[in-house]
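Protein chains: 4
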Amino acid sequence: NAVLPIEYHEQRIMEDVTGAQLIAEALKAQKVEYMFGIVGVPVIEVAMAAQASGIKYVGMHNEQAACYAASAVGYLTGRPVIVIGGSSDQKQETTGAFQEFPQVEACRLYSKFSARPSSLDMISSVVEKVYMFDQFFPIYFVREVPCCPPPPVSMADHMAITEALAVLKGAKRPLLIIGKGAAHGRAEGALRELVEGCGLPFLPTPMGKGVLPDDHPNCVAAARSRALLQSDVVVLLGARLNWILHFGLPPRFDPHVKVIQVDLCAEEMGNNVQPAAALLGDVNAIVKQLLEYVHKDGWKYPADTEWWTTLKEKMAANATMTKALALQSTTPMNYYQVFHHISQLLPHDCVIVSEGANTMDIGRTMLNNYLPRHRQGMPPHTQVKGQIHQVSCTFSLYKLPVVIIVVNNNGIYSGVDSETWEMMGKMGDLTTVAPPVTLLPEARYDEVMNAFGGRGFLVRTEEELRSALQLSLSDWERPSLLNVLIDPSSDRKQQEFPWLTRSNL
Amino acid sequence: NAVLPIEYHEQRIMEDVTGAQLIAEALKAQKVEYMFGIVGVPVIEVAMAAQASGIKYVGMHNEQAACYAASAVGYLTGRPVIVIGGSSDQKQETTGAFQEFPQVEACRLYSKFSARPSSLDMISSVVEKVYMFDQFFPIYFVREVPCCPPPPVSMADHMAITEALAVLKGAKRPLLIIGKGAAHGRAEGALRELVEGCGLPFLPTPMGKGVLPDDHPNCVAAARSRALLQSDVVVLLGARLNWILHFGLPPRFDPHVKVIQVDLCAEEMGNNVQPAAALLGDVNAIVKQLLEYVHKDGWKYPADTEWWTTLKEKMAANATMTKALALQSTTPMNYYQVFHHISQLLPHDCVIVSEGANTMDIGRTMLNNYLPRHRQGMPPHTQVKGQIHQVSCTFSLYKLPVVIIVVNNNGIYSGVDSETWEMMGKMGDLTTVAPPVTLLPEARYDEVMNAFGGRGFLVRTEEELRSALQLSLSDWERPSLLNVLIDPSSDRKQQEFPWLTRSNL
Amino acid sequence: NAVLPIEYHEQRIMEDVTGAQLIAEALKAQKVEYMFGIVGVPVIEVAMAAQASGIKYVGMHNEQAACYAASAVGYLTGRPVIVIGGSSDQKQETTGAFQEFPQVEACRLYSKFSARPSSLDMISSVVEKVYMFDQFFPIYFVREVPCCPPPPVSMADHMAITEALAVLKGAKRPLLIIGKGAAHGRAEGALRELVEGCGLPFLPTPMGKGVLPDDHPNCVAAARSRALLQSDVVVLLGARLNWILHFGLPPRFDPHVKVIQVDLCAEEMGNNVQPAAALLGDVNAIVKQLLEYVHKDGWKYPADTEWWTTLKEKMAANATMTKALALQSTTPMNYYQVFHHISQLLPHDCVIVSEGANTMDIGRTMLNNYLPRHRQGMPPHTQVKGQIHQVSCTFSLYKLPVVIIVVNNNGIYSGVDSETWEMMGKMGDLTTVAPPVTLLPEARYDEVMNAFGGRGFLVRTEEELRSALQLSLSDWERPSLLNVLIDPSSDRKQQEFPWLTRSNL
Amino acid sequence: NAVLPIEYHEQRIMEDVTGAQLIAEALKAQKVEYMFGIVGVPVIEVAMAAQASGIKYVGMHNEQAACYAASAVGYLTGRPVIVIGGSSDQKQETTGAFQEFPQVEACRLYSKFSARPSSLDMISSVVEKVYMFDQFFPIYFVREVPCCPPPPVSMADHMAITEALAVLKGAKRPLLIIGKGAAHGRAEGALRELVEGCGLPFLPTPMGKGVLPDDHPNCVAAARSRALLQSDVVVLLGARLNWILHFGLPPRFDPHVKVIQVDLCAEEMGNNVQPAAALLGDVNAIVKQLLEYVHKDGWKYPADTEWWTTLKEKMAANATMTKALALQSTTPMNYYQVFHHISQLLPHDCVIVSEGANTMDIGRTMLNNYLPRHRQGMPPHTQVKGQIHQVSCTFSLYKLPVVIIVVNNNGIYSGVDSETWEMMGKMGDLTTVAPPVTLLPEARYDEVMNAFGGRGFLVRTEEELRSALQLSLSDWERPSLLNVLIDPSSDRKQQEFPWLTRSNL
């Protein structure tokens with residue numbers, strides 16, 4: 001809840017408090033632990049006051065990166081992200097002041113709540129006047145800001161639960177889809193009980209991975225397209241029928257699929273597909289309500305259905321195909337080889353962050369998550385390769401326990417090898433002849449990490465990959481970066497439906 | 001839910017369908033019954049198509065008034081208001097086209113959802129092409145739009161209910177505040193059971209009036225200020241601690257008051273005052289949850305407390321003061337006389353709409369509501385007197401069963417009598433000497449009604465008032481207007497706290 | 001220039017000055033003469049302070065109407081319109097305060113400049129503190145705000161003038177189009193010299209009417225469509241190629257037409273059609289520049305060209321057709337009869353305001369303007385009939401010298417007669433059977449004017465029209481309204497191109 | 001002019017043209033030479049089509065950097081920057097599509113013009129239909145888009161010129177301020193004539209540097225504060241009285257200073273200070289108008305005034321102080337030493353780009369510009385150090401002739417040395433103990449450049465600096481980076497008024 005509840009509490013002397021301190025204290029009172037930022041003239045004092053209040057300050061290299069970092073913390077802790085920006089003095093508005101801009105207005109489209117705190121302003125303007133007139137200004141009431149309580153939880157009403165269960169029990173080919181909302185709602189316990197108790201197949205969305213482990217026997221991620229297409233009853237558990245789930249429409253879904261929608265947000269109900277049952281409320285609370293009913297009659301979806309057979313066959317077939325690619329043992333490596341070895345070495349409790357179309361798509365199927373909220377995405381189309389400098393620098397500065405693995409294909413989507421690149425250079429101005437997707441071949445991202453005191457590895461072979469990764473994972477004193485050179489022409493295996501294809505509405 | 005759920009359904013021939021018809025059919029499919037508007041070049045066809053689809057069309061005189069009318073229907077039916085606006089052709093954007101404007105963007109701040117329907121656009125552009133190329137264009141799939149289901153209902157979780165009841169049972173001076181959310185949620189049955197079963201005093205907000213009848217013995221509206229100020233536990237039932245309830249803060253509330261907040265909207269929780277218990281969900285469902293628990297132990301707030309004594313004494317004192325004003329029998333009349341007679345004659349099942357500071361304030365206390373959702377407000381600061389022409393004209397045109405009572409004090413807040421006005425006219429240019437609050441003395445609003453075929457009455461005495469009102473109420477064939485001339489200096493009785501006073505934050 | 005220049009000037013005692021007074025004084029210092037508004041709780045003091053400062057205050061009935069009135073004054077005086085709105089206290093933002101809304105942001109799309117005056121805020125907050133702390137608060141520097149000078153004038157550069165004249169001199173079928181910018185720039189003297197000196201035909205846009213008199217021998221308004229279509233060189237003088245001029249494109253313009261664009265605004269250059277010459281600057285200054293060059297060589301467009309013959313023949317033909325309609329002498333009258341008599345009786349120095357599709361279209365051709373800036377439009381699609389109450393009331397209140405002529409066809413675009421209306425009433429619910437364009441037949445708008453002390457006339461015949469209009473024009477002590485009942489099926493004569501037709505891009 | 005003028009021209013076959021090609025061709029027709037971007041799913045085709053049309057494509061690492069690069073080109077060429085963004089399909093709006101967002105609306109506050117090209121949309125949707133229906137779709141009219149002409153130029157009117165000269169000739173202490181507008185208007189020739197012909201002192205703003213050479217004898221930049229404070233007549237030549245010029249107000253300006261304002265933009269006139277004369281129009285054209293008048297009477301400001309004496313004394317004193325710092329010859333170096341050697345070695349025709357508070361402030365005074373438009377700023381508060389990766393990578397990829405000099409003080413504003421840093425690390429978590437302004441000491445930015453095939457130098461001494469810079473300047477085959485380690489506590493010499501100080505309004 002971004003609106004801070006405010007209460008009159010007690011009085012305090014104002015003379016020795018600055019606006020920056022008041023901001024810092026207000027944040028601390030809200031139990032904020034981390035601040036990410038870039039200091040400069042109008043905000044440097046805020047960062048210092050935050051540190052003085054016991055908030056950890058992490059200096060970043062641009063505002064976008066700071067927001068990504070903060071939203072990662074927000075996802076892990078379930079708390080909203082607050083963006084604090086400097087601005088010109090209110091009294092200088094319309095005068096062409098330094099950084100004059102309607103910040104509150106500009107944030108409207110991007111945020112749930114956007115305001116300029118007039119109460120802090122008032123306080124700081126009073127303080128300012130005290131100094132200005134050099135007279136005694138005894139006391140001033142400041143509103144103490146207690147920490148806001150956790151957001152209230154709501155449940156679905158009984159009728160809707162009954163309807164939903166009637167639909168589910170009538171399903172021939174049921175499918176649970178576990179989304180980010182389930183992770184956010186910490187529904188892992190209840191969901192495990194539902195999945196295992198009722199014997200239902202489930203599919204995680206990218207951000208729902210790990211709520212139940214990816215290697216759970218009921219997880220049908222390896223038959224994703226088939227499961228979506230043929231299911232007759234889909235239960236959306238904090239997942240949404242947007243582009244990630246192909247809008248819930250043909251040709252990716254059965255046109256007659258029945259949807260049971262479990263969501264916190266009333267406005268989401270019926271988007272794109274009208275649900276057969278709409279369960280409004282907290283995912284965890286609602287799964288518990290479902291369990292309560294199911295426990296009464298002990299309903300269970302049979303294990304010996306055609307649906308399970310179909311799904312298992314498809315999963316096996318996909319596994320075989322993936323394995324073949326992963327075991328090719330060529331040099332330069334392909335994506336599947338790389339992910340195969342990474343998946344074998346990664347500890348189960350690590351947080352996995354991925355970006356880049358191929359890396360994300362292949363990684364999603366080959367890198368298992370075992371724990372909830374241990375997977376992070378990044379906003380689409382941020383080029384990770386372009387961010388290596390700043391993450392290397394920040395991670396090294398604060399000695400953060402991070403391993404960066406660059407699956408380096410010399411390009412975006414795909415690149416070229418060094419000889420081709422050299423040849424291109426001879427053909428003319430590279431701005432004219434180099435395909436927009438190419439990057440410098442064999443760029444030494446590992447050296448960038450070294451430049452800031454981290455540990456960089458140049459990796460060309462499977463052996464080098466295993467050894468570098470093991471070394472990195474055994475020493476968390478500083479960050480590591482593996483620059484894994486792969487075949488620039490390596491690609492995903494052929495898909496029935498490519499992931500990012502525009503839907504055929 | 002403003003986002004229309006969409007489903008592939010069946011095919012139809014497109015040649016003979018226009019965009020206006022598709023809009024009309026889509027609205028009809030959503031069970032829209034009324035359209036209010038002003039026709040003009042880009043929207044005239046939409047109104048005609050709507051009528052052809054069986055939607056009732058009411059022509060208005062300006063857009064603002066059309067929105068008020070639609071939102072009144074929305075309040076009575078519990079359905080969102082949809083605003084449809086014309087615009088220039090998309091292909092003429094940036095060319096200086098007729099009525100070119102970014103309408104979707106301009107509506108962002110004022111609406112829950114704002115969009116330009118690209119799918120209807122597509123359809124109409126295909127139709128257009130058919131005619132353009134004069135060739136057979138056989139069939140086209142149109143998405144049938146079934147009516148969206150009622151919004152899903154959610155309940156509070158059990159823990160929050162328990163907490164709320166613990167707080168309520170510990171109250172010495174409890175107060176239920178019944179707000180618009182209770183009316184919207186149709187919680188009247190459950191609330192009556194709670195109020196009567198537990199013996200609790202209640203106070204309606206302006207839009208909560210009538211959920212329980214204003215003459216219910218537990219209604220403490222006549223001691224409003226006292227009740228707010230001294231209560232130690234307030235239960236907000238779809239009411240919000242905004243300016244209407246003085247932000248829930250001193251000096252209008254006890255600084256230590258505990259708040260139990262029942263609301264549909266998580267973002268509302270803790271605004272201005274942090275609640276002791278937050279019950280998120282549908283007001284009706286949550287009151288039923290509370291009742292379930294209360295029924296178990298039969299808890300009841302005692303009838304013989306000091307709190308009830310205080311409230312009843314204050315109510316009696318206020319009633320005496322009001323009665324004295326109402327029975328003055330002077331001519332010209334004062335506000336209290338006028339409302340006294342109106343309240344005696346109005347049928348219990350009429351819908352009361354009021355506007356104007358004094359009229360609203362005094363009317364709120366003197367005109368009882370007996371049924372839920374039978375009171376309407378109007379947006380603040382629309383001058384009703386300035387709207388008389390358009391409502392007279394519209395009501396007469398459609399022969400609507402409405403009685404308009406103008407409590408005419410010759411001004412806004414207060415006016416002057418005819419002699420004073422004439423004297424002012426002699427003092428100089430009226431734009432310079434007439435106070436901004438004055439209007440033309442004894443303006444003949446009744447004649448305006450006559451001009452459009454309705455029935456106007458000029459009323460100066462109590463007898464004329466009773467007779468004109470009885471006549472109006474006995475014949476609903478056409479609208480009536482009572483132009484009740486009162487003492488221009490008539491005012492409210494002295495208030496402890498004036499209603500609109502800025503809070504003393 | 002909406003940004004007020006600010007200067008340190010002298011000191012003054014703050015104790016006895018309110019924010020409203022500071023606003024009033026700031027407006028007065030800017031030589032503001034009129035304020036239009038609706039008073040209510042947050043702005044009543046501003047209106048009173050304005051009157052106290054000598055500003056004339058005109059009370060209106062809604063905000064829209066107040067803005068129209070102010071923009072009319074703005075057009076006549078060449079000064080920008082300032083909209084002042086109340087708002088909740090800054091310190092109550094985000095609390096659900098009365099009329100809390102981001103006003104500055106909401107005005108962004110509608111205004112050139114939008115701000116919340118932080119300096120006045122500061123002042124008033126200091127004043128407020130003085131009272132709050134009840135102590136002596138000696139002196140405070142207030143910025144005196146001198147009246148801003150008239151906006152600076154710029155001229156075209158010499159090269160562009162030369163180019164423009166080369167194009168113009170090469171024209172076979174030249175046409176000057178005189179727009180609102182010429183009226184705004186007070187270019188009437190220079191333009192008369194150009195038109196008469198060079199013997200050029202001209203066409204006014206609706207808001208350019210009267211810059212040169214409509215009965216000027218070189219005015220070709222009566223051959224508008226022909227002139228636009230066949231001209232080979234068009235000189236835009238403060239006129240723009242938007243929908244009013246059909247975007248300057250075929251089929252309404254020659255595809256090879258050369259455009260000489262004279263405009264104050266660089267961003268307007270080349271919109272829709274790339275100009276052969278672009279003259280950036282003040283219309284008056286640039287016409288003078290053109291004259292300077294033309295005077296040197298005495299260039300003149302010949303009077304005996306085929307172009308003049310074409311235009312004059314077309315004008316004569318159109319005049320004959322109009323005259324035939326105007327002299328029909330039937331009862332009920334048609335539009336042309338009504339405008340024929342009005343045009344004969346109107347004094348040459350009256351300001352003409354018109355609205356309503358037919359009224360505007362026919363009035364534009366039949367009612368001549370003889371003086372610059374004596375014609376006003378109204379924003380499209382405001383239904384004048386719906387505004388009669390408020391204008392009657394306001395005009396009567398302030399005894400303004402206005403004659404309102406309602407050309408009453410019982411509808412919008414077209415209505416029905418009383419018998420048809422009655423028949424419809426019997427066919428069922430009027431919201432279902434009455435066409436959206438119909439209004440109450442023979443509504444007595446004249447009685448509405450009477451209700452507020454003005455003078456209303458019901459007019460059915462040519463004689464009644466002449467007599468009522470002569471009476472109205474001979475007594476300016478109070479406003480008059482002529483309710484002229486015409487044949488509900490009266491329409492415009494057939495047009496080659498209907499005015500409002502969507503362009504055929 | 002961002003609005004592309006459009007003309008019907010000739011027909012072409014549509015079958016083989018894509019939307020991306022149409023965009024590319026439209027850009028090429030507008031003589032666009034460079035495109036900067038990041039490719040990804042929805043825009044990759046646009047980059048490829050642009051290259052195919054002969055536009056140079058430079059791949060960047062984030063959108064912000066791409067915009068900076070484009071705006072640098074815009075500044076050098078005098079043409080507006082166009083931002084092209086991908087978006088979800090219009091028909092997928094409101095469905096939760098990939099990258100669904102109201103882009104046009106979001107850009108409103110940041111751009112002069114913002115639109116979604118409906119005409120290209122139309123074209124591409126027709127193409128799409130061709131494939132969809134698999135039938136012959138013969139021809140389609142496409143509007144050819146000729147290149148828009150250069151923006152028209154306007155001049156001041158004669159009266160304003162006369163007024164301005166009267167004020168200037170009356171000046172005791174005149175000062176010309178040459179701003180970005182003069183650079184943009186290419187006014188260098190005329191300005192040199194004015195400065196030298198009339199013997200006037202001038203001061204460039206940061207972006208006005210080089211319009212006249214910084215070593216011109218009339219340049220008083222070395223006495224900036226004095227010149228601003230004591231001048232009685234300031235001529236603003238495309239410069240604005242915003243924060244850069246301290247709002248033109250005390251204590252940085254004489255409260256009685258008279259301002260002659262020369263600006264392209266009417267809305268800028270009178271901002272903060274009301275001008276004594278306002279010359280609206282193109283800076284170059286207006287300076288020529290001034291010259292025309294001055295030539296007539298041969299007016300000249302005397303060379304032997306007290307004003308020139310004051311300015312020259314102050315300049316000499318400042319030069320002495322700067323020289324003392326520059327010649328300290330310590331290791332580690334200070335800012336002044338570094339800039340001293342750089343200024344000696346830089347060729348006069350290089351483009352200088354600077355960022356970082358100290359670097360910018362000291363560089364502005366110590367690095368001379370000799371040619372117009374050879375200085376570039378960067379938007380405030382972008383941390384250059386954080387961008388080194390991406391510029392190194394981009395510059396290396398395209399082998400651009402750039403020398404990057406990092407004046408490395410281990411921090412933002414100021415850092416710490418390696419020992420202090422190590423000590424801090426032992427004191428606890430660096431997020432808590434490291435000041436927000438510190439960066440990793442002695443970070444190897446030079447190694448980052450090496451990692452991408454450029455040439456990095458680690459520089460600690462004056463000798464190393466000279467040698468590395470000479471090497472870099474003698475070989476333009478690849479970019480170089482000098483990582484110049486300076487004393488982390490090095491700072492600017494004491495200022496009378498610090499540059500970024502908030503003005504004392």
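Residue numbers (UniProt numbering), protein chains in the order written: chain L, 1 to 505; chain G, 1 to 505; chain Y, 1 to 505; chain C, 1 to 505. No residue lacks a Cβ here, since even glycine has one placed at the ideal position from N, Cα and C.
Beta-carbon separation (whole angstroms), residue i vs residue j, contact threshold 8 Å
i: Tyr301 (chain C); j: Cys219 (chain C); result: Rounded, the Cβ-Cβ distance is 15 Å, inconsistent with contact.
i: Arg364 (chain G); j: Gly210 (chain G); result: About 12 Å; that fails the 8 Å criterion.
i: Ala171 (chain C); j: Met315 (chain C); result: With a Cβ gap of about 20 Å, Ala171 (chain C) and Met315 (chain C) do not count as contacting.
For residue i, three-class secondary structure by DSSP
i: Asn483 (chain Y); result: strand
i: Ala187 (chain L); result: coil
i: Cys265 (chain C); result: coil
i: Tyr110 (chain C); result: helix
i: Asn408 (chain L); result: strand
i: Asp491 (chain C); result: coil
Nearest candidate by alpha-carbon position, reference residue i, set the options
i: Gly425 (chain G); options: Y:Leu397, Y:Ile404, Y:Gly411; result: Y:Leu397
i: Val153 (chain Y); options: C:Glu267, C:Val338, C:Leu245; result: C:Glu267
i: Val402 (chain L); options: L:Ser414, L:Met366, L:Gln387, L:Val353; result: L:Val353
Residues that residue i contacts on chain Y, provided the C-beta gap is smaller than 9 Å
i: Asp429 (chain G); result: Lys56, Tyr398
Neighbouring residues, chain G, relative to residue i (Cβ below 7 Å)
i: Gly281 (chain L); result: Ser154
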